[in-house]
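The sequence shown maps to residues 3 to 328 in my numbering. Using N, Cα and C, we set each Cβ at its ideal position, and we do this for glycine too. Heads up, the thing below is written out as structure tokens.
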Amino acid sequence: MQTKLATSVGITLDRFIKKKQNDFAFASGELSQLLRDIALAGKIIHREVNRAGLLNIGGAYGTENIQGEEQQKLDVIANIRFIRALKNGGEVCAIVSEEDDEILDLNNKDGRYIVSMDPLDGSSNIDVNVSIGTIFSIFRRVSPVGSKVTDEDVLQKGSEQVAAGYLLYGSSTMLVYTTGRGVNGFTYDPSLGEFFLSHADMRIPEDGKIYSINEGSYRSLQPKVQQYIESCKDKKYTARYIGSLVADFHRNLLKGGIYIYPSTEKAPDGKLRLNYECNALAMICEQAGGLATDGEKRILDIQPKSLHQRVPFYTGSKKMVEESMK
Ligand code: AHG
Ligand code: MN
Ligand code: MN
Numbered sequence: 003m004q005t006k007l008a009t010s011v012g013i014t015l016d017r018f019i020k021k022k023q024n025d026f027a028f029a030s031g032e033l034s035q036l037l038r039d040i041a042l043a044g045k046i047i048h049r050e051v052n053r054a055g056l057l058n059i060g061g062a063y064g065t066e067n068i069q070g071e072e073q074q075k076l077d078v079i080a081n082i083r084f085i086r087a088l089k090n091g092g093e094v095c096a097i098v099s100e101e102d103d104e105i106l107d108l109n110n111k112d113g114r115y116i117v118s119m120d121p122l123d124g125s126s127n128i129d130v131n132v133s134i135g136t137i138f139s140i141f142r143r144v145s146p147v148g149s150k151v152t153d154e155d156v157l158q159k160g161s162e163q164v165a166a167g168y169l170l171y172g173s174s175t176m177l178v179y180t181t182g183r184g185v186n187g188f189t190y191d192p193s194l195g196e197f198f199l200s201h202a203d204m205r206i207p208e209d210g211k212i213y214s215i216n217e218g219s220y221r222s223l224q225p226k227v228q229q230y231i232e233s234c235k236d237k238k239y240t241a242r243y244i245g246s247l248v249a250d251f252h253r254n255l256l257k258g259g260i261y262i263y264p265s266t267e268k269a270p271d272g273k274l275r276l277n278y279e280c281n282a283l284a285m286i287c288e289q290a291g292g293l294a295t296d297g298e299k300r301i302l303d304i305q306p307k308s309l310h311q312r313v314p315f316y317t318g319s320k321k322m323v324e325e326s327m328k
């Protein structure tokens with residue numbers, strides 16, 4: 003009997019990054035290293051997430067973040083892990099994090115990059131074994147290297163991102179990122195400790211049949227959004243809402259669909275944060291051929307005014323997002 007081997011394991015993240023290094027506008031190798039640092043932090047979070055039930059790291063930490071949301075233990079752990087990986091790497095001078103009120107100046111004298119991140123997205127799903135994620139945006143600093151980090155450095159428009167991505171801790175762990183030349187997805191093989199290219203040059207279907215919105219807030223939505231939801235129902239579309247932005251986004255990226263977190267009566271600017279949730283996903287979506295808006299204008303063109311600013315978010319298949327804005 004002939005022994006069948008699994009197909010080749012393929013190209014590792016490291017090799018892929020090296021191969022693509024010359025595509026970067028600033029091909030100094032620093033951004034490559036930074037992406038590796040993020041992947042390393044992702045592996046560590048993968049480990050923690052997968053053992054969360056055994057390590058007593060589920061549940062609340064007993065504190066609140068700047069937006070008055072209860073911090074979960076894993077929110078805090080993921081934040082620490084990412085900060086440590088980025089500080090040790092040396093390429094990053096400052097971090098904006100959902101879990102920290104202020105800019106974190108890492109005092110890395112040679113750091114040219116700023117990272118904005120949501121270290122753990124979908125916190126309410128941690129304790130119920132449902133997919134969660136990490137979101138990151140990478141910018142070049144605009145102030146001189148070695149000087150104090152300024153507001154201008156950390157409040158750049160999404161269109162200035164040099165790279166953006168997310169990690170999804172789901173039925174498998176994935177890293178999906180873009181450096182502005184398409185989107186590529188890597189799946190983690192825990193037995194080898196490596197990410198492998200599994201989704202090359204990802205494209206979101208131009209149209210789709212999945213709509214993702216928290217319909218519990220239906221009564222407090224603007225009539226335009228209500229009408230759009232009704233039109234999805236008329237067309238017998240499928241409703242899918244996990245409650246972890248990364249997971250909802252990822253599904254729609256692969257299958258075609260729209261994700262909406264609109265403005266509500268209670269929260270006129272929606273819930274999601276421009277700097278470390280929406281910008282990264284907007285860049286990925288556009289790079290994959292989709293759209294991301296606040297219901298009226300392009301997310302990537304919005305000038306942030308504060309670190310934790312919220313924004314209504316409509317993203318996904320081009321035709322669906324266009325339709326929802328009519
Ligand atoms: P986070 O866990 O980082 O605070 O983000 C939670 C966000 C996002 O992941 C999700 O799509 C949204 O909150 C869900 O909000 P609702 O429960 O209001 O639908
Ligand atoms: Mn989040
Ligand atoms: Mn979070």
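Taking a contact to require three or more Cβ pairs closer than 8 Å, the segment 269 to 283 and the segment 191 to 204 do not qualify as touching. For the pair lysine 320 and aspartate 209, the Cα-to-Cα distance works out to about 6 Å. Spatial neighbours of aspartate 103 in its own chain (CB-CB distance under 6 Å, excluding positions within 5 residues in sequence) are listed in chain order as Ile68.
Less than 8 Å divides the Cβ of tyrosine 190 from the Cβ of methionine 176.
Between leucine 293 and glutamate 324, the gap from beta carbon to beta carbon is short of 8 Å. Under the DSSP assignment, alanine 62 falls in the beta strand (DSSP E) whose first and last residues are 62 to 66.
A residue is called buried once 16 or more other Cβ atoms fall within 10 Å of its Cβ, and asparagine 109, having fewer, is exposed. Every residue whose beta carbon comes nearer than 6 Å to a heavy atom of ligand 2 appears here in chain order: Asp120, Asp123, Leu247 and Glu279.
For methionine 204, no alpha helix (DSSP H) run applies, since DSSP gives it neither H nor E. For isoleucine 286, the enclosing alpha helix (DSSP H) has its first and last residue at 281 to 289. For valine 94, the enclosing beta strand (DSSP E) stretches over residues 94 to 99.
Aspartate 153 counts as exposed, since fewer than 16 other C-beta atoms from the protein chains shown sit within 10 angstroms of its C-beta. In the three-state scheme derived from DSSP, where H, G and I count as helix and E and B as strand, leucine 122 is classed as strand. In this structure, DSSP gives leucine 293 an extended state, which the three-state scheme calls strand.
Cβ atoms of glutamine 163 and isoleucine 137 stay farther apart than 8 Å, at about 12 Å. Taking the CA atoms as reference points, leucine 42 sits about 22 Å from lysine 111.
Taking every protein chain shown into account, the CB of tyrosine 220 has fewer than 16 other CB atoms within 10 angstroms, so this residue is exposed.
In this structure, leucine 223 and proline 264 form a Cβ contact; the two beta carbons are roughly 6 Å apart against a cut-off of 8 Å.
It is roughly 15 Å from the alpha-carbon of serine 118 to the alpha-carbon of valine 144.
Just so you know, the alpha carbons of serine 173 and proline 192 end up roughly 12 Å apart. Residue burial is scored here from C-beta neighbours: alanine 62 has fewer than 16 other C-beta atoms within 10 angstroms and is therefore classed as exposed.
For isoleucine 19 and arginine 253, the gap between their C-alpha atoms comes out near 24 Å. At a cut-off of 7 Å, the beta-carbon of glutamate 100 counts as near ligand 3: some heavy atom of the ligand is closer than that. Distance from the CA of glycine 291 to the CA of threonine 317, rounded to the nearest whole angstrom, comes to 11 Å. Take aspartate 120, set aside five residues on each side of it, and the residues of its chain with a beta-carbon closer than 6 Å to its own are Glu100, Ile137, Tyr278 and Glu279, in chain order.
For the segment 184 to 242, the full-length alpha helix (DSSP H) segments reaching 4 residues or more read 225 to 236 along the chain. Here DSSP, grouped into helix, strand and coil, assigns glutamine 23 to helix. Leaving aside the five residues that flank methionine 285 on each side, the residues in its chain whose CB is nearer than 7 Å to its CB run, in chain order, Gly160, Gln163, Ala166, Thr180 and Leu302. The beta carbons of serine 246 and valine 151 sit about 30 Å from each other, so the pair does not count as a contact at 8 Å. Cβ contact annotation for leucine 106 (same chain, cutoff 7 Å, sequence separation greater than five): Ile85, Ala96, Ile97 and Ser99, in chain order.
Collapsing the DSSP output to three states places arginine 83 in a helix. In the structure shown, the three-state DSSP call for glutamine 35 is helix. If you check the C-beta of aspartate 103 against ligand 3, you find no heavy atom less than 7 Å away.
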